[in-house]
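A.B. asks: Keeping their order, the protein sequence lines are chains X and P.
Numbering of the first sequence is given in our numbering, commencing with residue 49 and proceeding in unit increments.
Numbering of the second sequence is given in our numbering, commencing with residue 31 and proceeding in unit increments.
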Amino acid sequence: MKEAVAVLADQQESVSKKKMSIILYSGTVDKLTAAAILATGAAAMDMQVNIFLTFWGLLAHKKGAWQDPGQQKLSAEFAEYAPVMMEALQAGKVKPWIELVREAKELGDVNVYACGMTMDLFGLRLEDLEDIVSGVQGVTGFMAEAQDSSVTLFI
Amino acid sequence: MTQFVIHREIDARGSACPGPLMELIRALKAAEKGQVVAVISSDQGSKVDIPEWVAKAGHALLATEDAGGATRFVVQKAR
């Protein structure tokens, strides 16, 4: 009985939690960092966070890509700020986005899903991705979570 | 100025948002209920973010002090 009560309390907690859903389409360091900071803030404020990685956002999550200078890009329209951004990262003022997501996951309820369609398109499997990715999802599965989110973002 | 027994103080100056808040959360997690933790932040967003989080998390913000261009937040773990 005690256990049943605990389970019920858990369920109620997850039902009452506000949600944020992010569609992470971009694979540039600036946008990945923005998404990671938003996820951390939401997790700190006790929101459930669901991140759906698609296209370039997913490719950026290939194992080791985040630390490969050849694969670290800044959004083209802000290219002139690349040196400032890279300097801030190197000085440790801003943590690498992948570490921010790890911290967010430790802090709260943060789920990172890979888009199944993009996985097929690039011939990727879950084991090709960084371990912060929890699983593979289709767009409908993601929408099931997104439709009752109070914050939804396309980045 | 009221004095508190600070269990742990973290100097998070130079760390960008949400770094200082993350440091505070980590320190409070490791602390015992009733203990007081201080964090110094030079991130401008902290002035709003840290009090907001402390209220949401149900802890007690004992003091917000100027620390020469930075802000020192004194927080008691309340639960």
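The C-beta atom is built at its ideal place from N, Cα and C for all residues, glycine as well.
On a predicted model such as this, the values are computed, not experimentally measured, just so you know.
Using a cut-off of 9 Å between C-beta atoms, extract the partners of residue 44 (chain P) located in chain X.
C.D. replies: Neighbours of residue 44 (chain P) on chain X, chain order: 139, 140 and 141.
A.B. asks: Does the distance from the C-beta atom of residue 161 (chain X) to that of residue 202 (chain X) stay below 8 Å?
C.D. replies: no
A.B. asks: Going by DSSP, what residue range makes up the alpha helix (DSSP H) through residue 122 (chain X)?
C.D. replies: Careful: residue 122 (chain X) lies outside any alpha helix (DSSP H) and carries neither H nor E.
A.B. asks: What are the residues that DSSP puts in a beta bridge with residue 96 (chain X)?
C.D. replies: X:67
A.B. asks: Quickly, what does DSSP pair residue 157 (chain X) with across the bridge? List them, please.
C.D. replies: Residue 157 (chain X) pairs with nothing; no bridge assigned.
A.B. asks: Would you kindly check if the distance between the Cβ of residue 80 (chain P) and the Cβ of residue 54 (chain P) is under 8 Å?
C.D. replies: yes
A.B. asks: In three-state terms, what does DSSP make of residue 81 (chain X)?
C.D. replies: helix
A.B. asks: Would you kindly work out how many angstroms separate the C-alpha atoms of residue 115 (chain X) and residue 151 (chain X), rounded to a whole number?
C.D. replies: 17 Å
A.B. asks: Chain P beta carbons: is any one of them nearer than 8 Å to that of residue 177 (chain X)?
C.D. replies: no
A.B. asks: Can a CB atom of chain P be found closer than 8 Å to the CB of residue 94 (chain X)?
C.D. replies: yes
A.B. asks: Starting from the beta carbon of residue 51 (chain P), find every residue of chain X whose beta carbon is closer than 9 Å, and list them in chain order.
C.D. replies: 88, 89 and 92
A.B. asks: Straight-line CA distance for residue 63 (chain P) to residue 49 (chain P)?
C.D. replies: 23 Å
A.B. asks: Quick one: residues in its chain with C-beta nearer than 6 Å to the C-beta of residue 159 (chain X), no 5 flanking neighbours on either side, listed in chain order?
C.D. replies: 98 and 182
A.B. asks: Which residues in chain X have a C-beta closer than 7 Å to the C-beta of residue 107 (chain P)? List them in chain order.
C.D. replies: Under the 7 Å cutoff, chain X gives no residues; its nearest Cβ is about 16 Å from residue 107 (chain P).
A.B. asks: Determine the burial state of residue 143 (chain X): buried for a count of at least 16 other Cβ atoms within 10 Å of its Cβ, exposed for fewer.
C.D. replies: buried
A.B. asks: Checking 8 Å against the spacing of the C-beta atoms, do residue 79 (chain X) and residue 178 (chain X) come in under that value?
C.D. replies: Residue 178 (chain X) is positioned such that its CB atom lies no closer than 8 Å to that of residue 79 (chain X).
A.B. asks: For residue 174 (chain X), does the count of other Cβ atoms within 10 angstroms reach 16, so buried, or fall short, so exposed?
C.D. replies: Burial is judged here by how many other beta carbons sit within 10 angstroms of a residue's own beta carbon; residue 174 (chain X) has fewer than 16 and is exposed.
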